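Worksheet: the structure to be examined is printed underneath.
In our numbering, the protein residues as written are 658 to 849.
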């Protein structure tokens with residue numbers, strides 16, 4: 658799956674899935690407007706909250722054109738440097754991290770060793786991205802915006818989340834709640 662930093666009229670750069678634009682952030686899938694809005698809202702709030710990642714850099718953080726360019730260059734370098742296997746490792750690391758939450762840990766059977774191996778793998782990956790793959794882009798981004806490195810790391814998290822959500826079984830599972838939503842009751846809120 659290929660991703661790119663998309664041009665948009667929004668002040669914050671966004672990732673687009675270049676192979677399947679229907680899953681791109683700027684182009685939500687076309688479906689029933691209420692269902693699409695509900696799903697988009699729940700996914701946006703749920704995953705962003707659970708991961709504690711502000712998945713989009715704010716306009717304030719990217720206030721100048723040079724900062725936007727440097728951030729996009731760094732994010733693109735990071736994303737282009739990730740292999741398919743590394744993306745899977747990021748997905749696993751995010752899952753392991755989320756499962757450590759007290760409300761979730763009883764549902765996951767992840768050994769301490771597996772968690773430590775995943776942390777080590779991601780730590781080595783981040784070290785490589787900054788020190789070997791993208792050092793020039795990282796320096797340029799940091800010069801233009803003190804938040805650039807944090808924002809670029811968040812973009813890596815965004816790629817992993819998109820990989821998670823692009824899986825057919827995950828999408829089906831995320832949408833299972835729809836069987837229990839009272840569409841008529843919700844529509845009544847919007848009908849005058």
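Note that CB positions come from ideal geometry on N, CA and C, so glycine has one too. It should be emphasised that the depicted structure is a prediction, and the values quoted were computed from it without experimental measurement.
Sequence-distant residues of the same chain with beta carbon closer than 8 Å to residue i, five excluded per side
i	result
residue 762	756
residue 747	739, 779, 782, 813, 814, 816, 817, 820
residue 743	782
Residue j beta carbon less than 7 Å from that of residue i
i	j	result
residue 737	residue 794	no
Cβ distance (whole Å) where residue i is taken to contact residue j below 8 Å
i	j	result
residue 786	residue 735	5 Å
Own chain residues within Cβ distance below 6 Å of residue i, not counting five before or after
i	result
residue 753	767, 772, 775
residue 724	801, 802
residue 850	The requested residue 850 does not occur in the structure, where the chain is confined to residues 658 to 849.
Of the residues the options, the one placed nearest residue i, counting alpha carbons only
i	options	result
residue 728	745, 739, 806	806
residue 811	841, 840, 751	751
residue 722	791, 759, 801	801
residue 749	765, 788, 840	765
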